């Protein structure tokens, strides 16, 4: 039987080996297993997981050459999206997965161990706190996030991790015009600039998605991100 995932990814010019396909299948099994005891995802049917989690995570390959990237941080990774699919499909990436919920981090550590993934690690805590640490601040070529937050708040969480010349790419659903106009000033304050907004449909589906590509133009001032919770409570304007 032809693998559904292979079909979807051929549209993104991603070819997976048998080992990588098995890793995705095992990831799906672990996701279902752990989802029985903790809330990781409301999407559990195989084809839906393939479309809305795996393919969606990897759709970034349509807009940038992931083979040219080395250091990536996934902020608010949740159940590991997009970070783990990116790591499976592009094994040379060096990825940090950040999440504030310890139970989810334990799940991610289990997945990493089961799938025998290297050069990927988890950190448990708030994005605002790790962004102040020199080990993480402005160290990454690429920051990705599928987290549900408005663009102004999300940029304050994510841009401090991106080195000048790097990019923060926010995964969004189709309709984001208001969010973009509301977030532009915040992005500028944080040293970024909206480079492009890429709209597309997920391969083989009618699901509308957008990528907001934010280029890091200059260093983020030390006062950002503000203390815990502030970027969400009072987005920069």
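In my numbering, the protein residues as written are -6 to 230. Yeah, the Cβ is synthetic: ideal placement off N, Cα and C, and Gly gets one too. Just so we're clear, the structure is a prediction, and the values are computed from it rather than from any experiment.
Backbone secondary structure at residue i - three-state DSSP
| i | result |
| --- | --- |
| residue 122 | helix |
| residue 50 | helix |
| residue 64 | strand |
| residue 74 | coil |
| residue 21 | helix |
| residue 91 | strand |
| residue 182 | helix |
| residue 59 | helix |
| residue 39 | helix |
| residue 28 | helix |
| residue 84 | coil |
| residue 226 | helix |
| residue -6 | Residue placement at residue -6 is poorly supported in this model, since its pLDDT is 35, which falls under 50; the coordinates are not used for a value here. |
| residue 0 | helix |
| residue 220 | coil |
| residue 211 | coil |
| residue 79 | helix |
| residue 12 | helix |
| residue 173 | helix |
7 Å Cβ shell around residue i - same chain, five flanking residues per side excluded
| i | result |
| --- | --- |
| residue 119 | 93, 221 |
| residue 23 | 103, 104, 107 |
| residue 117 | 92, 95, 98 |
| residue 28 | 34, 37 |
Beta-carbon proximity list for residue i, same chain, < 8 Å, skipping 5 on both sides
| i | result |
| --- | --- |
| residue 65 | 76, 79, 86, 87, 88, 89, 133, 134, 135, 136, 137 |
Nearest neighbour of residue i, chosen from the options [CA to CA]
| i | options | result |
| --- | --- | --- |
| residue 187 | 2, 177, 115 | 177 |
| residue 143 | 5, 16, 229 | 229 |
| residue 61 | 68, 44, 53 | 53 |
| residue 202 | 209, 164, 219 | 164 |
| residue 168 | 146, 147, 194, 159 | 194 |
| residue 214 | 181, 208, 189, 59 | 181 |
| residue 50 | 113, 72, 207, 32 | 72 |
| residue 43 | 207, 107, 200 | 200 |
| residue 216 | 209, 149, 102 | 149 |
| residue 8 | 81, 153, 74, 41 | 81 |
| residue 226 | 29, 166, 147, 116 | 147 |
| residue 40 | 17, 223, 124, 30 | 17 |
| residue 166 | 179, 20, 46, 223 | 46 |
| residue 189 | 183, 179, 207, 174 | 207 |
| residue 10 | 37, -1, 219 | -1 |
| residue 183 | 124, 128, 21 | 124 |
| residue 122 | 174, 32, 113, 224 | 224 |
| residue 14 | 26, 30, 113, -3 | -3 |
Sequence-distant residues of the same chain with beta carbon closer than 6 Å to residue i, five excluded per side
| i | result |
| --- | --- |
| residue 172 | 143, 144 |
| residue 156 | 131 |
| residue 151 | 68, 136, 138, 161 |
| residue 83 | 59 |
| residue 1 | 48, 196, 197 |
| residue 101 | 73, 90, 115 |
| residue 4 | 196 |
| residue 110 | 80 |
| residue 191 | 56, 204 |
| residue 126 | none |
| residue 31 | 96 |
Residues bridged to residue i (per DSSP)
| i | result |
| --- | --- |
| residue 201 | 194 |
| residue 206 | 162, 189 |
Start-end ranges of the alpha helix (DSSP H) lying completely within the segment 97 to 169, minimum 4 residues: 120 to 123, 144 to 151
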